[in-house]
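Asks: The structure's right below; bear with me while I get my questions together.
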Amino acid sequence: MNDFRRKLAALTTTVIFGYVLYRIFERMIFVVWVQVPWWGLIILAVLLFFAIDYLVNRIISPK
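Counting with this note's numbering, you get residues -9 to 53 for the letters of the sequence shown.
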């Protein structure tokens, strides 16, 4: 069961992260991202991924 939860958490994290990135780039690509350097986008994406991964693992993992 632990392996199933780990796979479910990975899939959920990937789907949520992809959806969030899609929504961000859909609406704000020309407004905000023009002012941010390329390395800033990479740092933001990594931090966003870790935050989503942490939250999903807290929700799915057994107490």
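Note that the Cβ used here is the ideal one computed from N, Cα and C, for glycine as well.
Rounded to whole angstroms, what is the Cα-Cα separation between residue 13 and residue 30?
Replies: Their backbone Cα atoms lie some 18 Å apart in a straight line.
Asks: Please report the residue range of the alpha helix (DSSP H) in which residue 46 lies.
Replies: That run of the alpha helix (DSSP H) goes 28 to 50.
Asks: Report the option in 6, 27, 50, -2 whose CA atom is closest to the CA atom of residue 42.
Replies: Residue 42 has its Cα closest to that of 6, out of 6, 27, 50, -2.
Asks: Count the other CB atoms, across all protein chains shown, that sit within 10 Å of the CB of residue 71; report buried if there are 16 or more and exposed otherwise.
Replies: Given that the chain is displayed from residue -9 to residue 53, the structure contains no residue 71 and the question cannot be resolved.
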